[in-house]
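So the structure is just underneath, and the comments pick up after that.
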Amino acid sequence: MAEAVVLVGTRKGLLIARSDGQRRRWDVDPMQFGNKEVSAVAVDARRSTPRILAGLSFGHFGTTVAYSDDLGRTWSEPEQAPIAFPESTGATLARVWQLHVPPESQPDVVYAGVEPHALFRSDDGGLSFSLVQGYWDIPDRTQWMPGGGGACLHTVLTRAEDPRWLMAVMSTGGAYRSEDGGATWVRANRGIQQAYAPEDQRFPEFNQCVHKVAFHPSRPDRLFAQNHFGVYRSENAGDSWTAIENGLPSNFGFPIVVHPDNPDMLFNFPLEADMNRIPPSGRCAVYRSMDAGESWHASAAGLPGDTYYSSVLRDAMSVDNGSPAGVYFGTRLGEVYASIDCGESWSAVASHLPDVLSVRAAVVS
Amino acid sequence: MSARLVVPSALRASAGGAHEVTVEGATLRAVLDDLAVRLPVLERRIRDEQGALRPHVLVFVDGMMVQRSAGTEIPVPEGCEVLVAPAVSGG
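If you read the sequences in order, they're chains U and R. Heads up: the first sequence at position 338 corresponds to 341 in our numbering, and the numbers run straight through without jumps. Heads up: the second sequence at position 15 corresponds to 24 in our numbering, and the numbers run straight through without jumps.
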């Protein structure tokens with residue numbers, strides 16, 4: 004029988020909501036990793052026994068990656084540090100921002116985007132990672148800056164048909180693409196603005212504060228980006244970008260996802276502005292596009308109708324692999340919502356949690 | 010030489026529940042290197058991957074707080090207590 008899980012990484016622990024394949028009613032397990040910051044979660048459904056990964060920060064005591072091979076009921080941490088910067092870098096791991104599980108064509112490969120800006124790769128399903136040296140050696144590194152949340156590499160994209168293709172995205176730094184498995188990288192930011200720069204420097208080659216990038220596996224050259232002021236589409240794998248903001252109440256926000264069942268269907272969660280990170284007009288609303296970003300409309304049925312001042316962070320919106328696919332998001336108020344009908348309506352999965360940092364969901368057999 | 014490393018409650022899960030651990034070494038660095046062999050998860054809660062004490066971890070050797078500027082090449086007398094504690098950071 005199918006089991007659905009929603010992993011909710013929060014500022015103070017991990018929550019796992021469980022349901023059957025219908026995903027109508029959810030039961031939430033007791034919190035795990037209490038008072039630990041769970042900054043990234045992932046489900047590796049490629050394995051015969053699905054594996055869950057969690058990036059944990061212990062506050063005073065550092066950062067690690069834990070794994071579970073029984074859908075989150077018990078957890079282990081490798082004896083040796085799963086992610087550690089080599090001595091040659093002089094860097095120390097501050098936070099895991101992204102745990103990315105590539106398609107099945109790359110079994111056992113997992114990527115981790117971390118703070119400070121760096122990319123790590125695992126070839127054993129997330130138990131041990133090595134620095135992607137080519138990314139660390141990008142000469143632009145000296146000019147990358149921390150975003151408001153830190154010097155984070157927060158998004159990794161991979162393709163099923165080409166295991167050597169990679170995209171890694173930072174705040175700030177922007178998007179970079181590799182076509183040789185991470186040995187060399189090119190900038191992929193042309194057309195994305197840096198709204199806070201002087202007017203004649205608004206469109207640099209790099210250092211934009213790109214908040215999230217997503218794509219649909221069936222259209223790998225078409226990317227969507229939620230930027231720090233700006234929502235964009237690229238039709239050429241990031242060589243150039245054009246704004247897609249018609250109908251959005253604001254072009255500021257953090258997450259963006261593509262619906263698994265429809266490569267033209269997008270979701271984001273606009274916020275008023277960087278200096279006013281609340282939903283426009285104080286209204287809790289996901290925005291949905293049905294035409295690859297040409298137009299956007301509010302998708303708020305079932306969401307709180309009262310004045311609303313919370314927000315959704317960049318890794319806290321996700322989709323699952325169910326049929327039909329579900330869309331999920333968690334808020335800084337500690338609520339998690341799901342839509343199993345393409346955003347026509349939303350219902351609560353969990354509430355009264357700590358603020359939500361990362362959400363992932365899967366339906367497993 | 011051996012010392013008793015006292016484990017704070019927040020880290021006991023990384024020490025199999027133990028309140029203290031016997032470690033070998035004549036300096037704090039050697040003691041922590043030995044800990045890295047015996048209980049690697051516990052050791053990396055105390056030091057980062059570059060070998061430095063984590064910024065908000067305090068270590069007391071025989072009751073004396075280790076000053077960060079002194080590094081970890083400080084002597085650890087035979088039989089002494091090495092106390093690890095989280096700093097009260099942030100109020």
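Positions of the beta carbon are idealized from the N, C-alpha and C atoms, including for glycine. Model, not experiment: these values are computed from the prediction.
**Message:** Cutting at 8 Å between CB atoms, please list the residues of its own chain near U/R205, excluding the five before and the five after it.
**Reply:** Within the first sequence, residue 205 of chain U is the residue found at index 202, counting from 1. Excluding positions up to five away in sequence, the list reads Q196, Q197 and A198.
**Asked** How would you list, in chain order, the residues of chain U whose beta-carbon sits under 8 Å from the beta-carbon of R/A96?
**Response** By 1-based counting over the second sequence, the position of residue 96 of chain R is 87. Under the 8 Å cutoff, chain U gives H63.
**Message:** Using a Cβ-Cβ cutoff of less than 7 Å, which residues in the same chain neighbour R/R56 once the five nearest sequence positions on both sides are dropped?
**Reply:** The residue labelled residue 56 of chain R in the question sits at position 47 within the second sequence. Around R/R56: L41, L62 and R63.
**Asked** Are U/W100 and U/V113 closer than 9 Å when you measure CB to CB?
**Response** One-based indexing of the first sequence puts residue 100 of chain U at position 97. One-based indexing of the first sequence puts residue 113 of chain U at position 110. No, they are not a contact pair.
**Prompt:** Which residue from U/L226, U/S314, U/R167 and U/A115 puts its Cα closest to that of U/Q109?
**Reply:** Residue mapping note: residue 109 of chain U aligns to position 106 of the first sequence, counting from 1. That would be U/R167, whose Cα lies nearest to the Cα of U/Q109.
**Message:** If I follow the unbroken beta strand (DSSP E) through R/E52, where does it start and stop?
**Reply:** On the second sequence, position 43 is the one that residue 52 of chain R refers to. Per DSSP, R/E52 lies in no beta strand (DSSP E); the unbroken alpha helix (DSSP H) holding it starts and ends at P49 to I55.
**Prompt:** By Cβ distance below 6 Å, which residues in the same chain neighbour U/C212 in space, the five residues on each side in sequence not counted?
**Reply:** As a working note, residue 212 of chain U is residue 209 in the first sequence. Here the set comprises G150, S174, T175 and H231.
**Request:** Work out the CA separation of U/S342 and U/D2 for me, nearest whole Å.
**Result:** Outside the shown range of chain U, which is 4 to 368, sits residue 2 of chain U, and nothing can be said about it.
**Request:** Count the CB pairs spanning the stretch 33-47 of chain R and the stretch 73-85 of chain U that are closer than 8 Å, and state whether there are at least three.
**Result:** No contact exists between the stretch 33-47 of chain R and the stretch 73-85 of chain U.
**Message:** I'd like to know whether the C-beta atoms of U/P223 and U/E182 end up nearer to each other than 9 Å.
**Reply:** Counted from its first residue, the first sequence places residue 223 of chain U at position 220. Counted from its first residue, the first sequence places residue 182 of chain U at position 179. Against a cut-off of 9 Å, the Cβ pair of U/E182 and U/P223 comes out as no contact.
**Pair within 9 Å by beta-carbon distance, U/N210 and U/W147** = Along the first sequence, read from residue 1 onward, the residue named residue 210 of chain U stands at position 207. Along the first sequence, read from residue 1 onward, the residue named residue 147 of chain U stands at position 144. Their beta carbons are under 9 Å apart, which means U/N210 touches U/W147 by this criterion.
**Request:** For chain U, find out if any of its Cβ atoms is closer than 9 Å to the Cβ of R/R77; answer yes or no.
**Result:** To locate residue 77 of chain R, count along the second sequence from 1; it is residue 68. For R/R77, the answer is no, since every Cβ of chain U falls outside 9 Å of its Cβ.
**Request:** Flag this pair as yes or no: are the beta carbons of U/D385 and U/C345 separated by less than 9 Å?
**Result:** No statement about residue 385 of chain U is possible, as the shown extent of chain U runs from 4 to 368 and does not include it.
**Asked** Just the Cα atoms here: how many angstroms apart are U/V68 and U/P282?
**Response** If you number the first sequence from 1, residue 68 of chain U lands on position 65. If you number the first sequence from 1, residue 282 of chain U lands on position 279. Approximately 33 Å between the Cα atoms of the pair.
**Request:** Quick one: grab the DSSP three-state call for U/V104.
**Result:** Walking along the first sequence from the start, residue 104 of chain U turns up at place 101. Coil, per DSSP.
**Item:** With 16 other Cβ atoms within 10 Å as the buried cut-off, status of U/R28
**Value:** Walking along the first sequence from the start, residue 28 of chain U turns up at place 25. Counting the other Cβ atoms within 10 Å of the Cβ of U/R28 gives fewer than 16, which makes it exposed.
**Request:** Tell me, please, whether the CB atom of R/L41 is closer than 9 Å to any CB atom in chain U?
**Result:** In the second sequence, residue 41 of chain R corresponds to position 32, counting from 1. It does not; no Cβ of chain U falls within 9 Å.
**Close-in-space but distant-in-sequence residues of the same chain around U/G128 (CB under 7 Å, 5 per side omitted)** = Here residue 128 of chain U refers to the residue found at position 125 when the first sequence is read from its first residue. Answer for U/G128: D47, R50, R54, D111 and V113, listed in chain order.
**Prompt:** Which residues, taken in chain order from the stretch 75-86 of chain U, show a beta carbon closer than 7 Å to some beta carbon of chain R?
**Reply:** E80, E82, Q83 and A84
**Message:** Considering only their Cβ atoms, is the gap separating R/Q59 from U/A94 smaller than 9 Å?
**Reply:** Against the first sequence, residue 94 of chain U aligns to sequence position 91. Against the second sequence, residue 59 of chain R aligns to sequence position 50. Against a cut-off of 9 Å, the Cβ pair of R/Q59 and U/A94 comes out as a contact.
**Prompt:** How about R/H28: is its C-beta nearer than 9 Å to some C-beta of chain U?
**Reply:** Here residue 28 of chain R refers to the residue found at position 19 when the second sequence is read from its first residue. Cβ-Cβ to chain U under 9 Å: no for R/H28.
**Asked** Between the stretch 10-27 of chain R and the stretch 11-28 of chain U, are three or more C-beta pairs nearer than 8 Å?
**Response** no
**Item:** U/E90 at chain R interface by Cβ criterion, 9 Å
**Value:** Within the first sequence, residue 90 of chain U is the residue found at index 87, counting from 1. With 9 Å as the cut-off, U/E90 counts as an interface residue toward chain R.
**Asked** Per DSSP, U/A364 is paired with what?
**Response** Residue mapping note: residue 364 of chain U aligns to position 361 of the first sequence, counting from 1. Note: U/A364 sits in a beta bridge opposite U/V9.
**Asked** Which residues, in chain order, does the stretch 115-132 of chain U contribute to contact with chain R at a C-beta distance below 7 Å?
**Response** none
**Request:** With 8 Å as the limit, tell me which residues of the stretch 41-59 of chain R have their beta carbon closer than that to any beta carbon of chain U; keep them in chain order.
**Result:** Residues passing the 8 Å Cβ filter: P49, V50, R53, R54, I55, D57, E58 and Q59.
**Among U/R280, U/Y235 and U/M278, nearest to U/S243 - alpha-carbon criterion** = Residue 243 of chain U sits at position 240 when you count from the first residue of the first sequence. Ranking U/R280, U/Y235 and U/M278 by Cα distance to U/S243 puts U/Y235 first.
**Prompt:** Who are the Cβ neighbours of U/A191 in its own chain at under 8 Å, not counting the five residues just before and after it?
**Reply:** Stepping through the first sequence from its first residue, residue 191 of chain U is reached at position 188. Closer than 8 Å at Cβ, skipping near neighbours: M170, G177, A178, Y179, R180, S237, A240, G241 and D242.
**Item:** Outcome for U/H355 when other beta-carbon atoms lying within 10 angstroms are tallied against a minimum of 16
**Value:** Taking the first sequence and counting its residues from 1, the one referred to as residue 355 of chain U is at position 352. U/H355 should be labelled exposed.
**Asked** Of all Cβ atoms in chain R, is any one closer than 9 Å to the Cβ of U/G346?
**Response** Walking along the first sequence from the start, residue 346 of chain U turns up at place 343. By the rule that beta-carbons nearer than 9 Å mark a contact, U/G346 does not touch chain R.
**Request:** Put U/A123 into one of helix, strand or coil per three-state DSSP.
**Result:** Within the first sequence, numbered from 1, the residue matching residue 123 of chain U stands at position 120. Correcting the residue identity first, residue 123 of chain U is Phe in this sequence and not Ala. U/F123 falls in the strand class under three-state DSSP.
**Prompt:** Closer than 8 Å, Cβ to any Cβ of chain U: which residues of the stretch 15-26 of chain R, in chain order?
**Reply:** A19 and L20
**Item:** Assigned secondary structure, U/P273 (DSSP; H/G/I helix, E/B strand, else coil)
**Value:** Taking the first residue of the first sequence as position 1, residue 273 of chain U is located at position 270. U/P273: strand per DSSP, three-state reduction.
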